[in-house]
């Protein structure tokens, strides 16, 4: 099983969410031992989308909070797409 890191701030617990891969990869026995499942870290109540849209705290004078927020939104989008691709493609 592989896991992508949740890009949300540590506002809530971030448990591992796992799913069987599609196709033959997900139908193999020995669940989780031979690459037949994929996992990702997701906010406990699936509020990742809301959390990444919150402005981050000001890290230093001149810190571009909006750019940081946009990077978090982009990272979440990439994580979700990668997870879905892994489940769908079975690889």
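Numbering (the working numbering), first residue to last: 60 to 150.
Positions of the beta carbon are idealized from the N, C-alpha and C atoms, including for glycine.
Are the Cβ atoms of residue 147 and residue 78 separated by less than 8 Å?
As a working note, residue 147 is residue 88 in the chain shown. As a working note, residue 78 is residue 19 in the chain shown. Against a cut-off of 8 Å, the Cβ pair of residue 78 and residue 147 comes out as no contact.
Return the chain-ordered list of same chain residues with a C-beta closer than 8 Å to the C-beta of residue 125, the five sequence neighbours on each side being excluded.
Locating residue 125 in the chain shown gives position 66, where the first residue counts as 1. Setting aside the 5 residues that flank it on each side, residue 125 is surrounded in the same chain by 114, each with a C-beta closer than 8 Å to its C-beta; the list follows chain order.
Compare the Cα-Cα distances from residue 103 to each of 76, 144, 138 and report the closest residue.
The residue given as residue 103 occupies position 44 in the chain shown. Nearest option by C-alpha distance: 76.
Here's a check: name, in chain order, each residue in its chain whose Cβ is nearer than 6 Å to the Cβ of residue 132, leaving out the five neighbours to either side.
Numbered from its first residue, the chain shown carries residue 132 at position 73. Residues of the same chain with a CB within less than 6 Å of the CB of residue 132, apart from the 5 flanking positions on each side, are 111 in chain order.
Note the first and the last residue of the continuous beta strand (DSSP E) segment covering residue 97.
For the purposes of this step, residue 97 is taken as the residue at position 38 of the chain shown. Start and end: 96 to 100.
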